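Protein chains in written order, with the working numbering: chain A, 1 to 158; chain B, 1001 to 1158; chain C, 2001 to 2158; chain D, 3001 to 3158. C-beta atoms are modelled at their ideal positions from N, C-alpha and C, and glycine is treated no differently. All values derive from a computational prediction rather than experimental measurement. Let me begin by presenting the structure, written as C-alpha cells, before commenting on it.
4 protein chains.
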Amino acid sequence: MNQKKEWEPYEHKVQYYETDQMGIVHHSNYIRWFEEARTDYMEKMGMGYDQMEARGILSPVLSVEADYLQMVRFGETVTVETFIKEYNGIRLTVGYEVIDQKHQRTCCRGTTKHCFLDREGKFLSLKQACLECHQMFVQGLEDHQDTENHRDMEDRKE
Amino acid sequence: MNQKKEWEPYEHKVQYYETDQMGIVHHSNYIRWFEEARTDYMEKMGMGYDQMEARGILSPVLSVEADYLQMVRFGETVTVETFIKEYNGIRLTVGYEVIDQKHQRTCCRGTTKHCFLDREGKFLSLKQACLECHQMFVQGLEDHQDTENHRDMEDRKE
Amino acid sequence: MNQKKEWEPYEHKVQYYETDQMGIVHHSNYIRWFEEARTDYMEKMGMGYDQMEARGILSPVLSVEADYLQMVRFGETVTVETFIKEYNGIRLTVGYEVIDQKHQRTCCRGTTKHCFLDREGKFLSLKQACLECHQMFVQGLEDHQDTENHRDMEDRKE
Amino acid sequence: MNQKKEWEPYEHKVQYYETDQMGIVHHSNYIRWFEEARTDYMEKMGMGYDQMEARGILSPVLSVEADYLQMVRFGETVTVETFIKEYNGIRLTVGYEVIDQKHQRTCCRGTTKHCFLDREGKFLSLKQACLECHQMFVQGLEDHQDTENHRDMEDRKE
C-alpha cells in the first residue's frame, strides 16, 4: 500500500455573483464548487482533468447529490474536501464536504458519479485507457478507506 | 377532490453559454432548469414564487438530486415536467423530468427538497403562513398521486 | 431591396438564479441575454447559430459593451430587441435593447462585435464561407438602416 | 502623497464550467472575473466590498466594456490586474487587464463604471457616506496615475 498523500484541501472564496436575492449563495453554485474541488484534487494527485482530456478520456457526470446544511454568504471562504468513495475502473463516485472556514461547520455534503468515455462516446475501462489515471483513483480510494477505518477505530476507543 | 389542472409543461431552449467544452450542456445547468420549471409551475398553479416571497416566505433548497441519462446539446429544446412528490405543510419534495423534444427521451430526472422560512430564518408551517400556498401544494400532491395511480392501473391492465 | 422581416422580439423571463444579494439581476447575466437574443434572431432570420457552426463557422465575441439604465428584478419579463448595426462580410456588430415589459422602459443597451473563424481558427470571409449566412446579415443591416432612416424622417416631421 | 501599495494581482484558475463548446472560456465569464478582481482589490486595499455593503453602501455596475484579445482555455490560470481609472467621489471607473500566465499575453481588457447608492437606492457621495472607502479609491487613483506617468517617462526615454 502506498503512502497516503497529504495536501491542503481546495479553497473557494464566495463571489458576489454567486449570491441570490435571499442573500445567500445560490444552491446551483455548490455543484460547480464540487467540480472545482474535483479538478483541484486530480491536479494535486498528479493528473489534471485537462491532461486526462488531452489523452482522449472524458469523464461526464452521471449523477449529482447535494445536501445543504448551512447557508453560505458573500465574504466567506469555504474549504471543499474531496474523496474517492467508490471506484472500480469503470465507474467513479466522488464525495465532497464543504466547510465554512469561519465557523468550521459543514455547510454542504455531496457526491458525483462518473464514467469514462472516449471521444466517440464509447465506455472506457480506465485501467486500459490510462493506467496512470487508474492508479490515481485506486490510490484515492485507499486513502479514503484508511481515513474511514481510522475514524471507526477512534469511535470504538471512545 | 379538485379537478387536476392541465397545462403545458415548461420549455427551455438550450443556450450556447450552457454548453461546455465536451460539447454538451454542463450538468450544473440542469439544477437551474429545475428552478426555472418549479417557478413556472408555481406561477401556473396561481402563486408565483415572487408572490410567495412578497408575503415574507422563503423556500430554500435543502437538497438536490439529479440523474443524467442522455446528453443534451445546443440547438435542442427540452421540456421539464414538474410534480409535487411529497408535501406535509413543513417540507416539500418536487420532482422533475427533463425530456428532449426531438427524440422524446428522458434526459435527466431529479428532485429538490425545500422547507419554508420567514425573513428571520425561522421555520414556518405553510398552512399557517399562507393558506393559498399550502392549498397549491396539497393540490399538486393530489394531482401527482392521481397520475401515479392512473399509471398503476394502466400497468395492471396490460 | 428585400422586404423587411417582421417578428416578435426575444422574451426572457428573469430567473431567481440570475438575481444577486442586491435583490436585482446580476449585471453579468445581460451579456448572456444578448447571446440568447442574438441566437433567437439568427434562427428567426433562417440560419440558427447551431446550423452555422454545423457548417464549420465559428463566430467568437471580440468585444462587448453594456449600459445599465434600470434595475431588473425577479418576477419581471424583458424583451430583447436585436439589430445588425455594422456588417462588412468580415466583421459584425450587433446591437441590443433590453426593455422591461411592465414599465416599457429600456433597462439596458449593448453591443457585441464578432468575427468569423473556421475550425482551425483562421479568419473567414462569410460571403465565401456561407452565402446564406452573409445574406442574412446584409438583410439585417438593411432592415436596421431602414428603421433608422424611418426614425430620422419621423423626427424631422415634428 | 501616500506610498503606493504593492500586492499580488488577482489569480483565477479557469474552470471547466466556464468553457463553452467552442473549447474556450465563454465571454460572459470575464465580466465575472472583473468582479472577482475588483472584490479582491478592495479587500487588499483594506475595505472589502462585503464591509462596504455592511455600512449600507451599494455599488451597482452602470456599464461594462470588454475587449477579447486572446482565447483562454481550461487548464490555464489568468492574472487580473485592477486599477482605478477615474474617481470623483460620486462615480468610479475600474480598469482590468486579464493576463494569461503561461504566455504572459493580455487576453482581455475591460472597464466597469459604478455609482454609490444607499439601501433606498439614493445616490451617495462616498466621501460623506464612508470616508475610509473614499480614501481607498483616491489612493487607488493616485497609484494608477503614478503608474501611467512612470510609463510615459519610460516611453520618452526610449
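Practice prompt. Name, going along the chain, the residues of the segment 2065-2080 of chain C whose beta-carbon falls closer than 9 Å to a beta-carbon of chain A.
Written response: Shown in chain order are the members of the segment 2065-2080 of chain C whose Cβ falls below 9 Å from a Cβ of chain A: Arg2073 and Phe2074.
Practice prompt. Please specify which runs of the beta strand (DSSP E), each continuous and at least 3 residues long, are wholly inside the segment 3041-3068 of chain D, giving them in chain order.
Written response: Here the runs fully enclosed are 3061-3068.
Practice prompt. Could you confirm whether any beta carbon from chain B is found closer than 7 Å to the beta carbon of Tyr3017/D?
Written response: At least one beta carbon of chain B lies nearer than 7 Å to the beta carbon of Tyr3017/D.
Worksheet item: Once you ignore the five residues that flank Met1001/B on each side, which residues in its own chain have a CB closer than 7 Å to its CB?
Response: Any reading at Met1001/B is ruled out, since the residue's pLDDT is 43, under 50, leaving its predicted position unreliable.
Worksheet item: Residues in its own chain within less than 7 Å of Glu2187/C by CB, not counting five upstream and five downstream?
Response: Since the first residue of chain C shown is 2001 and the last is 2158, residue 2187/C is not available in this structure.
Item to complete: Taking C-beta pairs closer than 7 Å, name the residues in chain B that Gly3023/D reaches, listed in chain order.
Response: By Cβ distance, chain B contributes Gln1021.
Worksheet item: Just the Cα atoms here: how many angstroms apart are Glu1148/B and Glu1154/B?
Response: If I take the Cα positions, the gap works out to 10 Å.
Discussion item. Report the start-end ranges of each beta strand (DSSP E) in the segment 2063-2145 of chain C that is 3 residues or longer and not cut off at the edges.
Written reply: Fully enclosed beta strand (DSSP E) runs of 3 or longer: 2077-2087, 2091-2100 and 2105-2115.
Discussion item. With a threshold of 7 Å between beta carbons, is Arg3038/D in contact with chain C?
Written reply: For Arg3038/D, the answer is no, since every Cβ of chain C falls outside 7 Å of its Cβ.
Worksheet item: Do Gly159/A and Phe83/A have their CB atoms nearer than 7 Å?
Response: Only positions 1 to 158 of chain A appear in this structure, which leaves residue 159/A out of reach.
Fill in: Collapsed DSSP secondary structure at His27/A in the structure displayed
The answer is coil: DSSP assigns His27/A none of H, G, I, E or B.
Worksheet item: Which class does Glu2190/C belong to by DSSP, given the choice of helix, strand or coil?
Response: Nothing about residue 2190/C can be reported from this structure: the residues present for chain C run from 2001 to 2158 only.
Fill in: 7 Å Cβ cutoff met for Asp1118/B and Leu1126/B
In this structure, Leu1126/B does not lie closer than 7 Å to Asp1118/B by Cβ.
Fill in: C-beta neighbour in chain B for Leu62/A, strict 7 Å
For Leu62/A, the answer is yes, since a Cβ of chain B falls inside 7 Å of its Cβ.
Item to complete: Using three-state DSSP, classify Glu3008/D as helix, strand or coil.
Response: If DSSP states are grouped into helix, strand and coil, Glu3008/D belongs with coil.
Worksheet item: Roughly how many whole angstroms lie between the Cα atoms of Gln3051/D and Phe3137/D?
Response: Note on geometry: alpha-carbon atoms of Gln3051/D and Phe3137/D lie some 15 Å from one another.
Item to complete: Quick one: measure Cβ to Cβ for Asn1017/B and Arg2032/C, integer angstroms, because I've assumed they're closer than 8 Å.
Response: Looking at the sequence provided, one finds Tyr at residue 1017/B rather than Asn. Correct: roughly 5 Å between the Cβ atoms.
Worksheet item: Whole-angstrom Cβ separation of Gln1021/B and Gln3101/D, contact assumed at under 8 Å?
Response: With 8 Å as the limit, Gln1021/B and Gln3101/D do not qualify as a contact, their Cβ atoms being about 19 Å apart.
Worksheet item: What does DSSP give as the partner residues of Thr19/A in its beta bridges?
Response: Assignment of beta-bridge partners to Thr19/A by DSSP yields Val25/A.
Item to complete: Report the option in Lys1113/B, Met1047/B and Arg1151/B whose CA atom is closest to the CA atom of Gln1135/B.
Response: That would be Met1047/B, whose Cα lies nearest to the Cα of Gln1135/B.
Practice prompt. Quick one: measure Cβ to Cβ for Ser2059/C and His2114/C, integer angstroms, because I've assumed they're closer than 8 Å.
Written response: At roughly 5 Å, the Cβ-Cβ gap stays under 8 Å, so Ser2059/C and His2114/C are in contact.
Discussion item. Quick check: the Cα distance between Ile1099/B and Thr1106/B, rounded to an integer number of angstroms?
Written reply: In this model, Ile1099/B and Thr1106/B are separated by some 4 Å (Cα to Cα).
Worksheet item: Does Ser28/A get closer than 7 Å to chain C when you measure Cβ to Cβ?
Response: Ser28/A belongs to the set of residues whose beta carbon lies under 7 Å from a beta carbon in chain C.
Practice prompt. Measure the C-alpha to C-alpha separation of Gly140/A and Ser28/A and round it to an integer number of angstroms.
Written response: Separation of Gly140/A and Ser28/A (C-alpha to C-alpha, rounded to the nearest whole angstrom) is 26 Å.
Practice prompt. Taking the CB atoms as reference points, tell me whether Val72/A and His12/A lie closer together than 7 Å.
Written response: Their beta carbons are not under 7 Å apart, which means Val72/A does not touch His12/A by this criterion.
Practice prompt. Could you work out which residues of chain G lie near Leu2058/C, taking near to mean beta carbons separated by less than 8 Å?
Written response: Of the protein chains in the structure, A, B, C and D, none is chain G.
Item to complete: Use the C-beta contact count for Glu1008/B: other C-beta atoms within 10 angstroms, 16 or more gives buried, fewer gives exposed.
Response: It counts as exposed.
Practice prompt. State yes or no: is the beta carbon of Arg3032/D nearer than 7 Å to at least one beta carbon in chain A?
Written response: Output row for Arg3032/D: interface = yes.
Fill in: Chain-ordered residues of the segment 107-118 of chain A with a beta carbon less than 9 Å from chain D
Going along the segment 107-118 of chain A in chain order, one finds no residue with a Cβ nearer than 9 Å to chain D.
Discussion item. If I measure Cβ to Cβ from Cys3062/D and keep anything under 7 Å in the same chain, skipping five residues before and after, which residues do I get?
Written reply: The sequence shown places Leu at residue 3062/D, rather than the Cys named in the question. Within the same chain, Leu3062/D has close Cβ partners Lys3113, His3114 and Cys3115.
Worksheet entry | C-alpha distance - Asp1152/B paired with Asp1146/B, whole-angstrom precision | One alpha carbon belongs to Asp1152/B, the other to Asp1146/B, and they sit about 10 Å apart.
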